[in-house]
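**Student:**
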Amino acid sequence: VQGVSTRKVKAITEELCGHAFSASSISAINKRLDESLAAFARRPLQEPFPYLILDARYEKVREAGVVMSQAVLIAVGIDWDGRRQILAVEMVNRESRSAWRDFLVGLKARGLKGVELVVSDDPAGLVAAIGEVIPEAAWQRCYVHFLRNALDHLPRKHGDDCLQELRWLYDRRDLAEARADLAAWLAKWSARYPRLTGWAEDAIGQTLTFFRLPRQHHKHLKSTNMLERLNEEIRRRTYVVRIFPNAESCLRLVRALAVETKENWMEANRYLNMDDLREHKKLALRQAA
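When we follow this note's numbering, the leftmost residue of the sequence shown carries the number 1214, and every step to the right adds one.
1) Counting pairs of beta carbons, one from the stretch 1325-1344 and one from the stretch 1425-1438, are three or more of them closer than 8 Å?
2) Just how far apart, CA to CA, sit M1479 and D1294?
3) How about R1465 and A1254: are their beta carbons less than 8 Å apart?
4) For L1360, which residues from the same chain have a beta carbon less than 8 Å from its beta carbon, with the 5 sequence-adjacent residues on both sides left out?
5) Compare the Cα-Cα distances from A1322 to each of I1347, A1502, T1451, T1474 and report the closest residue.
6) Which partner residues does G1290 have in the DSSP bridge list?
7) Taking contact to mean 3 or more Cβ pairs, one atom from each stretch, closer than 8 Å, check whether the stretch 1288-1305 and the stretch 1264-1277 are in contact.
8) Check whether the Cβ atoms of R1256 and I1456 sit closer than 8 Å, and answer yes or no.
9) Write down the C-beta distance between E1414 and L1399 rounded to the nearest angstrom, noting that I regard them as a contact closer than 8 Å.
10) Between which two residues does the beta strand (DSSP E) holding S1333 run?
11) Assuming the contact rule is C-beta atoms closer than 8 Å, V1472 and L1250 should be a hit. Round their C-beta distance to whole Å, please.
12) If I follow the unbroken alpha helix (DSSP H) through A1497, where does it start and stop?
13) Near E1303, which residues of its chain fall below 7 Å by C-beta distance, leaving aside the five closest residues on each side in sequence?
14) Comparing alpha-carbon positions, which option in T1422, I1447, S1309 lies nearest D1387?
15) Between the Cα of L1382 and those of P1407, T1420, A1351, spot the shortest distance and give me the residue it belongs to.
16) Spell out the partners DSSP gives K1273 in its beta bridges.
17) Express the C-alpha separation of R1297 and E1441 in angstroms, rounding to a whole number.
18) Using CA atoms only, rank isn't needed, just tell me which of E1461, S1237, D1365 is closest to R1408.
19) Does A1301 pass the burial test, meaning 16 or more other C-beta atoms within 10 Å, or should it be called exposed?
20) Excluding the 5 residues preceding and the 5 following A1497 in the sequence, name in chain order all residues of the same chain whose CB lies nearer than 6 Å to its CB.
21) Going by C-alpha distance, which of G1418, A1342, Y1271, D1373 is nearest R1392?
22) Below 8 Å on the Cβ atoms is my contact criterion, and I expect V1328 with A1342 to pass it. Report the Cβ-Cβ distance as a whole number of Å.
23) Give a yes or no on whether the C-beta atoms belonging to F1262 and L1325 are separated by under 8 Å.
24) Count the other CB atoms, across all protein chains shown, that sit within 10 Å of the CB of I1491; report buried if there are 16 or more and exposed otherwise.
25) From H1431, G1278, L1367, W1352, pick the residue whose C-alpha is nearest to that of N1486; which is it?
26) If you scan the stretch 1387-1427 from start to end, which runs of the alpha helix (DSSP H) of 4 or more residues do you find wholly inside it?
27) State the beta-bridge partners of Q1353 as determined by DSSP.
28) Thinking C-alpha only, which one of A1241, A1337, K1273 is nearest R1448?
29) Would E1308 and A1284 qualify as a contact pair, given that the criterion is a beta-carbon distance under 8 Å?
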């Protein structure tokens, strides 16, 4: 019944079950589902989440007879046990600073604490909201989105080597190696692609924050790719509906998928070994002493 109108659900149940459910029965089912999903959305966040990953996707929704795209905001946290949890899913008209601020304030009100690193793309509103609501956290700009943005600063006809070489520096062992690669890359390509290299030199530091983390965590936290499988599943389910009759039906579907995914993640192996981060922090304290 997720994301489907009462009339369509009635037709589906008649076809599958050979029994006609009344519209009131279908509405009652939806109401119970909404109550359980609301409880999921309001649940207290009791443990700290040192890593917070934020992302957004857009779905088509019919409002007042007009089809428009609305943003689905998603927050995933990684706790000190190394497990991922979907912390929140909300719908807003667009990714504005106020929308992201309200989203993050809602997380804090439910108990979000101990955030040391936030990973996201770089919409101006989101970055400003992170600085306002979670100023104590470092920010990692998703390097995958950064490389996609780099295409906007290249001519249509260009060789692949330039961006491929830029991509390689994210696999280096530490920040010193990455900066050495960056200097060599700038020297090689600045004459040919001055617009790209100027932009990259100014912005690339935002994508290198992950080098502060233990090396074992780099590949998981230099981008928002951990959400790709969830986004693919959302895309697969929402494609069937295509245009939601209202925002509530879209939120119902995505939250139901979030609950299912959260349960699967909790039953799976730990996503990260957080002892790596504990040892990394101890080493940093010893070096600072």
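Virtual Cβ for every residue (Gly too), placed ideally from N, Cα, C. Note that the structure is a prediction, hence the values are computed from the model and not measured.
**Tutor:** This is what the structure holds:
1) Yes: the two stretches touch, three or more of their Cβ pairs being nearer than 8 Å.
2) Approximately 11 Å, taken between the alpha carbons.
3) Between R1465 and A1254, the C-beta spacing is not below 8 Å.
4) Excluding residues within five positions, the ones whose Cβ falls inside 8 Å are L1376, L1379, R1380.
5) Out of I1347, A1502, T1451, T1474, I1347 has the C-alpha closest to the C-alpha of A1322.
6) L1265, Q1298.
7) In short, these stretches touch, since the Cβ pair count reaches three.
8) Not in contact: R1256 and I1456 (Cβ atoms no closer than 8 Å).
9) A Cβ-Cβ separation of about 6 Å places E1414 in contact with L1399 under the 8 Å criterion.
10) S1333: member of the beta strand (DSSP E) spanning 1330-1333, first to last residue.
11) Indeed they touch by this definition, with Cβ atoms about 7 Å apart.
12) Boundaries of the alpha helix (DSSP H) harbouring A1497: 1488-1501, taken from the DSSP string.
13) Apart from sequence neighbours up to five positions away, the residues of its chain that approach E1303 with a beta-carbon distance below 7 Å are L1286, F1316, ordered along the chain.
14) Considering only alpha carbons, the answer is T1422.
15) Of P1407, T1420, A1351, the residue nearest in Cα terms is T1420.
16) In the DSSP output, where bridge partners are listed per residue, K1273 has S1282, I1456.
17) Taking the straight line joining both Cα atoms gives about 14 Å.
18) Comparing Cα-Cα distances from R1408 to each of E1461, S1237, D1365, the minimum goes to D1365.
19) Burial call: buried.
20) Within the same chain, A1497 has no close Cβ partners at all.
21) The residue with the shortest Cα to Cα distance from R1392 is G1418.
22) With 8 Å as the limit, V1328 and A1342 do not qualify as a contact, their Cβ atoms being about 13 Å apart.
23) A distance below 8 Å separates the beta carbons of F1262 and L1325.
24) Residue identity differs from the one stated: residue 1491 is Arg in this sequence, not Ile. So R1491 counts as exposed.
25) Comparing Cα positions, the closest option is H1431.
26) If we require 4 residues or more, the alpha helix (DSSP H) runs fully inside the stretch 1387-1427 come out as 1388-1402, 1407-1416.
27) V1332.
28) From the listed residues A1241, A1337, K1273, the smallest Cα separation to R1448 is found for K1273.
29) Cβ atoms of E1308 and A1284: closer than 8 Å.
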